[in-house]
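Reading through the structure tokens given below for one structure.
Numbering (this note's numbering), first residue to last: 11 to 427.
Put into structure tokens, the structure is as follows:
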């Protein structure tokens, strides 16, 4: 129950109530304690969008303290919350302890949502609504995450997302997870060394541009996006004025905080800050009013991503050579091609009049993993079963000879399962 959850939260932060805390600890405590209230607010957003909680099948990814799933279950939804952190999973279980859901249900599962285990522990082709709230920025492998969520969603399933924007001036001045100035501009790996001692989720932050998420959703068939908070600036002069004002506040904050920066932080931050300034200068010249506000003055991107399968042709990768090299005695041209998990090699031209035989070797990690016998036909095909970098070796000999005359190596092609 909620009281047990709050008692455990107090023990974690070594306090009897929030009045004894300050700074980033107070921020994190309040975030945890407000989990149920934030769940109620989210339900208001879902209902305003057109969802009815009664009978709705909901998955909350990265559910943390569990408030979203608990509040939805109280209103008749059938909810699953998944959480990778054992500590947060235990908090969610405490929050849900002794709850009685008369029409809905609530289950918490400890699992990595990017792993194959996710597909084993949760129902597939099931969920009407998948919540990914303040989670994407903690996930390195967003491709595996979306691949799993696509299988969990039913044919009409919708993904609700809220994603923090590391380029927003407020986050540049004070990053939301750590309270550090300027750190949202830095490469994620630098966080490990610049803020030691933090909890792991505070050091695994991957800020990406909004266009990245647009492409990600579209690739996995959720290309129809209804944004909740796209800015509505009518005049470019108005947004530029607001941006210049916000930039000046950030610049003053940077000057104020400079003395607090660790020595290792200073050169890396200044390089990132200079790049940020150059990008801002470029964007002020080339972007429209709402685009500028969306990129620099929207602290969270939020919306609903709905099904829209893309009608795309299967991509075909090719490696082709059409000109003779110094080591190629017979003027051989070839085409190496990969389509899905099939790779083929074809001799497209031979300038020599000699009668030739060809043997084709499939190469991976510097070794030949499959080979054809010598043959007159200039074509061979393989089925790829593992991810990696592949290329082909073409062994060439005169038909009258027993051993090869020489070998041609192709450029590599890539395959991912």
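The beta carbon of each residue, even a glycine, is placed where N, CA and C say it ideally should be.
Sorted by chain position, which residues of the same chain lie with C-beta nearer than 7 angstroms to residue 333's C-beta, five sequence neighbours on each side aside? In this prediction, residue 333 scores a pLDDT of 48, lower than 50, which makes its location untrustworthy; the coordinate-derived value is nonetheless stated afterwards. Excluding the 5 residues flanking it on each side, residue 333 has no same chain C-beta neighbour closer than 7 angstroms.
Just tell me which of 126, 246, 48 has its CA closest to the CA of residue 157. Closest in alpha carbon position to residue 157, among 126, 246, 48, is 126.
Is it true that the region 184–200 meets the region 129–138, where meeting means three or more beta-carbon pairs spaced less than 8 angstroms apart? The region 184–200, when compared against the region 129–138, does not touch it at the 8 angstroms Cβ threshold.
What I want to know is whether the C-beta of residue 23 ends up closer than 6 angstroms to one or more non-hydrogen atoms of the ligand SAM. For the structure depicted, the ligand SAM is absent and the ligand set is empty, with no information on it obtainable.
Which listed residue (172, 363, 306, 349) has its alpha carbon closest to that of residue 340: Nearest to residue 340 by C-alpha distance, out of 172, 363, 306, 349, is 363.
Tell me which residue opens and which closes the alpha helix (DSSP H) that residue 191 is part of. Counting along the chain, residue 191 falls outside any alpha helix (DSSP H), and DSSP gives it neither H nor E.
When DSSP builds the beta bridges, which residues end up paired with residue 328? Paired residue(s): 347.
Are the region 63–82 and the region 37–49 touching, with three or more C-beta to C-beta distances below 8 angstroms? Yes: the two stretches touch, three or more of their Cβ pairs being nearer than 8 angstroms.
Look up residue 97 in the DSSP assignment and say whether it is helix, strand or coil. For residue 97, the three-state secondary structure derived from DSSP is helix.
Residue 355 to residue 345, Cα distance in whole Å? The alpha-carbon atoms of residue 355 and residue 345 are separated by roughly 6 angstroms.
What ranges does the alpha helix (DSSP H) occupy inside the region 121–205, keeping only unbroken runs of at least 4 residues that lie completely in it? Fully enclosed alpha helix (DSSP H) runs of 4 or longer: 126–131, 152–162, 179–183, 198–204.
Residues in the same chain with beta-carbon distance under 6 angstroms from residue 279, minus the five sequence neighbours each way, listed in chain order, please. Taken in chain order, the residues that qualify are 192.
Among 283, 368, 171, 338, whose alpha-carbon lies nearest the alpha-carbon of residue 312? Closest by C-alpha distance to residue 312, out of 283, 368, 171, 338, is 171.
Going by alpha carbons, who is nearest to residue 7 out of 299, 398, 121? Residue 7 is absent from the model: the chain starts at 11 and stops at 427.
Pick from 358, 370, 222, 24 that is closest to residue 305, judged by C-alpha positions: Closest option to residue 305, Cα to Cα, is 222.
Let's see if you can read the secondary structure: which residues bound the beta strand (DSSP E) around residue 218? Neither: residue 218 is in no beta strand (DSSP E) and is coded neither H nor E.
On the DSSP bridge assignment, give the partners of residue 91 in chain order. Paired residue(s): 70, 118.
When the Cα atoms are used, what is the spatial distance from residue 398 to residue 388? If I take the Cα positions, the gap works out to 25 angstroms.
Quick one: what's got a C-beta closer than 6 angstroms to residue 50's C-beta in the same chain, skipping five residues either side? Sequence-distant Cβ neighbours of residue 50 in its own chain, meaning closer than 6 angstroms and more than five residues away, are 81.
Assign residue 416 to one of two classes, buried (16 or more other C-beta atoms within 10 Å of its C-beta) or exposed (fewer than that). By the 10 Å Cβ count, residue 416 comes out exposed.
What are the partner residues of residue 424, as DSSP defines its beta bridges? Answer is 399.
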